[in-house]
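Reading through the C-alpha cells given below for one structure.
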Amino acid sequence: MGIKLKIKTIIGKAYAKVYHYDSKYLSGRWFTAEQNYIGWNWVIKNGPNCHRRGTNLSCPWPASADSRIVGATNIEFHPDDLNNFQHFGCYFQGKGRITIGKGTWIAPNVGIITANHNAWDLDKHDDAKPVIIGEDCWIGMNSIILPGVELGCRTIVGAGAVVTKSFKEGFCIVAGNPAKLIKKMEIDNNAYNINS
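With the sequence shown counted from 1, adding 1352 to any position gets you my numbering.
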C-alpha cells in the first residue's frame, strides 16, 4: 500500500469513528486493494456531507447525502454491496424490514418502501410490510418497490417499474407500471439465458 492509500485509510478510520460507522460495514470488497480502497473515499466524503445537510445521521454505514435512508437498523445487506448506498436520489424506507441479497445492484433514484401513508389519515403510515430482494438482482433506475414485495434471486427490474407484487421464483425480468413478468431466465451451465 502506497503512502497516499495509507493516509486515506488512516483518515477514513478516524472519520468512521467520528460518524459512528459500524466496522462490519467497513470490511467489504470496497475496502480492499483490489477496489483501490474506494470505500474510504465514501467514508471521508459522505460523513461530512450528511452532517452538513442533516441527512442519514443515524445510518451506521457511509451513504450518499443525495439519498435518504430511514430506519437504517431495519435494512440488511452484505458489506460487499455498500455501493448501493452511494447513488443519488435513492429512498430506503426501513419502517419495516428491508433485506437486500448479496450481489444485488441498485441503480440511482430507486425507492424501496415498506409502509405507505394511510389513505384516511396522511399523517400516519399503514403497518409496515417487509421487502425482500434476493441475491444477484438488478433494480433499474427510477423503479419503486412497494411494501410486502419479495423478489427472488436474479430478478431484473426494468427502469421506471413500479413493483406492486412479488416475483418469488426469481430468474426473471419484470417491467412496467404495475410491473409484470416480461421474460423468464433459465440456468444453462452457469450462464443465464433469456427465454420469452
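C-beta atoms are modelled at their ideal positions from N, C-alpha and C, and glycine is treated no differently. In this text, all values refer to a predicted model and were calculated from it rather than measured experimentally.
Nearest neighbour of residue i, chosen from the options [CA to CA]
i: Ser1410; options: Ile1359, Lys1358, Tyr1367 and Tyr1371; result: Tyr1371
i: Ile1396; options: Ile1485, Ala1366 and Asp1418; result: Ala1366
i: Asp1418; options: Asn1436, Gly1354 and Cys1524; result: Asn1436
i: Val1462; options: Ala1480, Trp1490 and Pro1482; result: Trp1490
i: Gly1522; options: Asn1470, Lys1532, Lys1536 and Gly1512; result: Lys1536
i: Gly1448; options: Ala1531, Leu1498, Asn1393 and Val1509; result: Leu1498
i: Ile1450; options: Thr1425, Ser1416, Gly1354 and Pro1400; result: Thr1425
i: Gly1492; options: Cys1442, Ile1421 and Asn1470; result: Cys1442
i: Gly1399; options: Lys1356, Ala1368 and Leu1533; result: Ala1368
i: Tyr1389; options: Asn1408, His1403 and Ile1359; result: Ile1359
i: Leu1434; options: Leu1357, Phe1383 and Asn1470; result: Phe1383
Outcome for residue i when other beta-carbon atoms lying within 10 angstroms are tallied against a minimum of 16
i: Asn1529; result: exposed
i: Lys1376; result: exposed
i: Gly1406; result: exposed
i: Ile1539; result: exposed
i: Gln1438; result: buried
i: Ala1531; result: buried
i: Asn1408; result: buried
i: Leu1378; result: buried
i: Ser1548; result: Per-residue confidence for Ser1548 stands at a pLDDT of 48, beneath the threshold of 50, marking its modelled position as unreliable; the derived number appears in the next sentence. When all chains shown are included, Ser1548 counts as exposed.
Contact check, residue i vs residue j, beta carbons under 7 Å
i: Gly1446; j: Ile1427; result: yes
i: Gly1500; j: Lys1520; result: no
i: Glu1502; j: Gly1455; result: no
i: Ile1465; j: Phe1429; result: no
i: Asp1479; j: Asn1468; result: no
i: Gly1354; j: Trp1392; result: no
i: Ile1421; j: Phe1444; result: yes
i: Gly1510; j: Asn1494; result: no
Own chain residues within Cβ distance below 7 Å of residue i, not counting five before or after
i: Tyr1373; result: Val1395, Pro1412, Trp1413 and Pro1414
i: Thr1507; result: Gly1486, Cys1489, Phe1519, Gly1522, Cys1524 and Val1526
i: Arg1381; result: Gln1387 and Asp1432
i: Ser1416; result: Asn1398, Phe1437, Gln1438, His1439 and Phe1440
Contact set for residue i: own chain, Cβ-Cβ below 8 Å, skip 5 residues either direction
i: Leu1533; result: Phe1519, Cys1524, Ile1525 and Val1526
Beta-carbon proximity list for residue i, same chain, < 6 Å, skipping 5 on both sides
i: Val1483; result: Ile1450, Ile1464, Thr1466, Ile1497 and Val1501
i: Leu1357; result: Tyr1389
i: Pro1460; result: His1439, Phe1440, Gly1441 and Met1493
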